[in-house]
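Chemist: If you read the protein sequences in the order shown, they are chains V and H.
Start counting at 1 in the first sequence, then tack on 5, and there's your number in the working numbering.
Start counting at 1 in the second sequence, then tack on 16, and there's your number in the working numbering.
Here it is: the structure, laid out below.
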Amino acid sequence: EDQVTQSPEALRLQEGESSSLNCSYTVSGLRGLFWYRQDPGKGPEFLFTLYSAGEEKEKERLKATLTKKESFLHITAPKPEDSATYLCAVQAVGGGATNKLIFGTGTLLAVQP
Amino acid sequence: NAGVMQNPRHLVRRRGQEARLRCSPMKGHSHVYWYRQLPEEGLKFMVYLQKENIIDESGMPKERFSAEFPKEGPSILRIQQVVRGDSAAYFCASSAGMNTEAFFGQGTRLTVV
Chain V
6 EDQVTQSPEA
16 LRLQEGESSS
26 LNCSYTVSGL
36 RGLFWYRQDP
46 GKGPEFLFTL
56 YSAGEEKEKE
66 RLKATLTKKE
76 SFLHITAPKP
86 EDSATYLCAV
96 QAVGGGATNK
106 LIFGTGTLLA
116 VQP
Chain H
17 NAGVMQNPRH
27 LVRRRGQEAR
37 LRCSPMKGHS
47 HVYWYRQLPE
57 EGLKFMVYLQ
67 KENIIDESGM
77 PKERFSAEFP
87 KEGPSILRIQ
97 QVVRGDSAAY
107 FCASSAGMNT
117 EAFFGQGTRL
127 TVV
């Protein structure tokens with residue numbers, strides 16, 4: 006069964022303290038891995054898509070990397086406004102024409118000033 | 017360029033009533049997805065539609081739930097005879113194609129009393 010596991014469940018950082026969030030996945034075949042940010046009471050906001058092992062993408066203080074079994078979201082010198090829940094999702098190859106995303110339960114990040 | 021629009025943002029229904037949730041995709045997007053987010057749980061796929069067609073409904077409960085995406089107008093997720101367990105946030109997403117990123121709306125928060 007296709008599955009996504011995120012760790013840690015929650016992470017508290019001081020402003021400027023860099024860290025990484027982990028997303029481990031098990032899929033029959035990976036079509037794409039997606040990172041989203043979700044603020045309380047809002048919908049997920051798209052951040053990155055990664056398609057193949059070794060791929061990296063960056064946006065401001067965030068950098069996403071991908072291996073054959075997991076992805077990392079690195080946060081460099083975070084600011085309080087980076088506080089949110091970060092969601093990882095995979096799209097699996099096969100299963101017909103479905104485009105569905107399989108989500109992990111997220112990492113709740115709190116950055117304190 | 018308006019994003020994915022969902023309405024209403026909040027919906028309260030008594031047990032046994034019907035709930036209708038609406039979603040207008042981003043301009044130029046013809047693929048629509050519905051997800052449900054229960055308290056303390058991750059986003060769960062419900063259904064994937066293209067104009068006038070249901071492509072994948074593997075995540076839809078067998079009874080009381082239905083979805084459509086007509087040729088004209090928004091996509092509708094309908095829940096008949098709602099029960100307390102249907103209380104959740106329902107998110108709609110849209111994409112331009114099969115292998116492109118999905119963008120989410122702000123969600124409809126359904127409360128069944």
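Positions of the beta carbon are idealized from the N, C-alpha and C atoms, including for glycine.
Any C-beta of chain V sitting closer than 8 Å to the C-beta of residue 115/H?
Modeler: It does: the Cβ of residue 115/H has a partner Cβ on chain V nearer than 8 Å.
Chemist: With a threshold of 7 Å (Cβ to nearest heavy atom), would residue 37/H be considered close to the ligand HEM?
Modeler: As far as ligands go, the structure on display features none, and thus does not contain the ligand HEM.
Chemist: Between residue 83/V and chain H, is there a C-beta pair that is closer than 8 Å?
Modeler: No, residue 83/V does not count as interfacial toward chain H.
Chemist: Measure from the alpha carbon of residue 104/V to the alpha carbon of each residue in 47/H, 79/H and 30/H, then state which is nearest.
Modeler: For the residues 47/H, 79/H and 30/H, the minimum Cα distance to residue 104/V belongs to 47/H.
Chemist: Spatial neighbours of residue 68/H within its chain, please: CB distance less than 8 Å, with the 5 preceding and 5 following residues excluded, ordered by chain position.
Modeler: So the qualifying residues of the chain are 85, 86 and 87.
Chemist: Please check the pair residue 72/V and residue 11/V, which I expect to be a contact at CB under 8 Å, by giving their CB distance rounded to whole angstroms.
Modeler: 15 Å between Cβ atoms; not a contact.
Chemist: Does residue 107/H get closer than 8 Å to chain V when you measure Cβ to Cβ?
Modeler: It does; some Cβ of chain V falls within 8 Å.
Chemist: Is residue 106/V near residue 83/H, with beta carbons less than 8 Å apart?
Modeler: Going by C-beta atoms, residue 106/V is not nearer than 8 Å to residue 83/H.
Chemist: With a threshold of 8 Å between beta carbons, is residue 112/H in contact with chain V?
Modeler: It does not; no Cβ of chain V falls within 8 Å.
Chemist: Under three-state DSSP, which class holds residue 87/V?
Modeler: Residue state, collapsed to three classes: helix.
Chemist: Beta carbons nearer than 8 Å to chain V: which residues of the stretch 66-79 of chain H have them?
Modeler: Listed by position, the residues of the stretch 66-79 of chain H near chain V (Cβ gap below 8 Å) are 71, 72, 74 and 75.
Chemist: Who does residue 66/H pair with in a DSSP beta bridge?
Modeler: Answer is 47/H and 69/H, bridged to residue 66/H.
Chemist: So, does the stretch 31-40 of chain V touch the stretch 91-99 of chain V, judging by three or more C-beta pairs under 8 Å?
Modeler: Result yes; three or more Cβ-Cβ pairs closer than 8 Å.
Chemist: Ordered along the chain, which non-local residues of its own chain (more than five positions away) have a Cβ less than 6 Å from that of residue 116/H?
Modeler: None.
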